[in-house]
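Here the structure comes first, spelled out in structure tokens, and everything after it is commentary.
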Amino acid sequence: MLRAGFHVADITPPTGAAMPGGYAPRPAQGAHDPLRVRAGVLLGDDAALAFVGVDAVSLKSEDVLHAREMAAEVCPVPAGSVIVAASHTHTGGPANDVLGVDSDPHYREEIARRIAGAIAEAARNAVPAEVAQLAGIAEGLAWNRRWHIADGSQETHVDPSREDVIGRAGPDDPQVLLLALKAVDGDFLGVIGNFTCHCTVSATPGVSADYPGVWSDLMLRATGAPVVFLNGAMGDITQVNRELDLPQRGPEGITRIGRKLTGESLKLLADATYDPAPVMGLASETISVDFRHPDPEQLQRDRAMVASRQPGDYSPEMVFARDRVLLAEQIEREGEQACELICARVGDLAIASGPGQMFCEFGLDCKARSPFAHTMYASLANGNAGYVPTAVAIATGGYEPTLCRGSKLAPEAGGQIVDAQVRLLEALA
692 MLRAGFHVAD ITPPTGAAMP GGYAPRPAQG AHDPLRVRAG VLLGDDAALA FVGVDAVSLK
752 SEDVLHAREM AAEVCPVPAG SVIVAASHTH TGGPANDVLG VDSDPHYREE IARRIAGAIA
812 EAARNAVPAE VAQLAGIAEG LAWNRRWHIA DGSQETHVDP SREDVIGRAG PDDPQVLLLA
872 LKAVDGDFLG VIGNFTCHCT VSATPGVSAD YPGVWSDLML RATGAPVVFL NGAMGDITQV
932 NRELDLPQRG PEGITRIGRK LTGESLKLLA DATYDPAPVM GLASETISVD FRHPDPEQLQ
992 RDRAMVASRQ PGDYSPEMVF ARDRVLLAEQ IEREGEQACE LICARVGDLA IASGPGQMFC
1052 EFGLDCKARS PFAHTMYASL ANGNAGYVPT AVAIATGGYE PTLCRGSKLA PEAGGQIVDA
1112 QVRLLEALA
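Position one of the sequence shown corresponds to residue 692 (our numbering), numbered consecutively onward.
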């Protein structure tokens, strides 16, 4: 019989902590709402799985590995059977290095310990349970943020009324997928929830979990149980639509999106049927993909610019120059990018995860090729390999393919990642 448990831990940093997600450090002015780690553990007869959602812009792979190993020492879930995914909130704490903002080692260690503790507590909380696999749609919340331009290029976040703008350059994914767990005695335990959109809505001066935090809090009020959030292939997906007059930024924006996701979730739960003994399994593989290399002449100019940097210079030109220098050092040190891919199944629903900030096209491709009725796609899981744009996007420009530590993989990387994930899903079917 299945047993399941959930636990929520606080990772809100102190006032003044740097919020990554922009070019320069933004000292947090308190907390608009708390940042949390949410963990769900499923213990079956043949497999033990843990799913962890973290309110952070991204996580370092070594921190995730550290957390999983600590958890495995004190609970029955093996370290390799844990999927840890960052929500990509741009109003989180200093959990990773992003452009001009460096991570805080003390905060990173705190997050790792809270992840491990949440997994262990969720396992201790586990009770006989049943699971439902649910799929719905939440339209009108997210759109592709890249646009075709008349000269053959692509741009990010343009004004669609411009005469040279032809149309959106990629798809979106409004699907909402849930793994809902309830105790056999009827008490609701929690939800693993999957939706696809950048967490760039909150725009608050204090830290915020963005719309996933509102979604989880509203579900907690309605059902007594939290949402472990896994963000989909949202690399080119935004909440911004200049053609609609709806709240898209700030507290009103995160509340609107959180309410709509909650409404769709409650609608799905109303008709849910539960299985006390779902087939469970896990398959994983670490693949190596090539980097895109900085141009040697550009790199020489970048090094000269960084050497002459004045204190407080966080101009885009300086930030990207510094980042390319650091990327060159990473390439020399590592040679290739390791991408840990973990796929799991619970009944007829599968979860495909990897460390890339995948473009939506890749997530949809994985879902279409999956042998399962429904497949969650989880980006920024078990580390951070940066943006994974399509080869066409890399060739035609825009923000996301700009070479830096946050966008560094070769044009074929996305296809290689999805091909490997599909192989893992087929092995689980």
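For glycine and all other residues, C-beta sits at the position ideal for the given N, C-alpha and C.
Q. Is the number of C-beta pairs between the stretch 1056–1065 and the stretch 985–992 that are closer than 8 Å three or more?
A. no
Q) From the DSSP output, which residues share a beta bridge with D701? A) R727
Q: Report the residue from E1091, A871 and L909 whose alpha carbon sits nearest the alpha carbon of Q845.
A: E1091
Q. Name the DSSP bridge partner or partners of L973?
A. A1035
(Q) Using a Cβ-Cβ distance cut-off of 8 Å, determine whether P725 contacts chain C. (A) The structure shown contains no chain C; it holds only a single protein chain.
Q: May I ask you to report which of helix, strand or coil DSSP gives Q720?
A: coil
(Q) Residues in the same chain with beta-carbon distance under 6 Å from T914, minus the five sequence neighbours each way, listed in chain order, please. (A) F879
**Q.** Neighbourhood of L911 by C-beta, 6 Å cutoff - its chain only, sequence neighbours within 5 removed
**A.** P917
Q | Through-space distance from E821 to M692, alpha-carbon basis | A | 9 Å
Q: Apply the 10 Å Cβ neighbour rule to K1099 and answer buried if 16 or more other Cβ atoms are within range, or exposed otherwise.
A: buried
Q: Count the C-beta pairs between the stretch 968–987 and the stretch 1024–1032 that are closer than 8 Å, then say yes if the count reaches three, no if not.
A: yes
Q: Grab me the residues of D993's own chain with a C-beta within less than 6 Å of its C-beta, minus the 5 sequence neighbours each way, in chain order.
A: A1012, R1015 and V1016
Q: Assess, as a yes-or-no matter, whether the stretch 744–751 is touched by the stretch 776–793 under the definition of 3 or more beta carbon pairs within less than 8 Å.
A: yes
Q: Reducing DSSP to helix, strand and coil, say where P796 ends up.
A: helix
Q: Measure the Cβ-Cβ separation of L872 and L825 and say whether it is below 8 Å.
A: no
Q) Pick from G1077, F1050 and G1026: whose alpha carbon is nearest that of W834? A) F1050
Q) On the three-state DSSP scale, how would you describe D1194? A) In this structure the chain extends from 692 to 1120, so residue 1194 is not present and cannot be described.
Q: Work out the CA separation of H757 and P1046 for me, nearest whole Å.
A: 16 Å
Q | Reduced DSSP secondary structure (H/G/I, E/B, other) of T1093 | A | coil
Q) Among the residues of its own chain, which have a CB less than 8 Å from the CB of E981, if the five just before and after it don't count? A) The sequence as given places Asp at residue 981; Glu does not occur at that position. Closer than 8 Å at Cβ, skipping near neighbours: E1027, Q1028, L1100, A1101, E1103 and A1104.
Q | Endpoints, the alpha helix (DSSP H) within which T953 is located | A | G941 to A961
Q.
Which residue wins for smallest C-alpha separation from G1126, given the options F886, D1039, H848 and G954?
A. What the structure shows of the chain is the stretch from 692 to 1120, and residue 1126 is not part of that stretch, so it cannot be assessed.
Q. Is it true that the stretch 888–896 meets the stretch 800–812, where meeting means three or more beta-carbon pairs spaced less than 8 Å apart?
A. no
Q. Among V905, D876, A894 and P865, which has the Cα closest to the Cα of F886?
A. P865
(Q) Three Cβ pairs or more, each shorter than 8 Å: is that satisfied between the stretch 755–773 and the stretch 797–805? (A) yes
Q: Give the secondary structure of A741 by DSSP, where H, G and I count as helix, E and B as strand, and everything else as coil.
A: strand
Q: Check whether the Cβ atoms of D669 and I928 lie closer than 8 Å to each other.
A: With the chain running from 692 to 1120 in the structure shown, residue 669 is simply not present.
Q.
With DSSP as the reference, identify every bridge partner of D966, one or two as the case may be.
A. V822
Q) Considering only residues of the same chain and omitting the five flanking positions on each side of P769, which have a CB-CB separation below 8 Å? A) A739 and A763
Q.
Less than 8 Å between the beta carbons of G791 and P716, yes or no?
A. yes
Q: Select from E1117, G713, R837 and P851 the residue whose C-alpha is nearest the C-alpha of V1083.
A: R837
Q) Skipping 5 residues on each side, what residues in its chain have a beta carbon closer than 7 Å to that of G1122? A) There is no way to answer for residue 1122, as the model of the chain reaches only from 692 to 1120.
Q) Assuming S778 and A900 make a contact with CB atoms under 8 Å, what is their CB distance in whole Å? A) 7 Å
Q. Who are the Cβ neighbours of A1069 in its own chain at under 8 Å, not counting the five residues just before and after it?
A. I774, A776, N885, L921, N922, G923, I1042, A1043, S1044 and G1045
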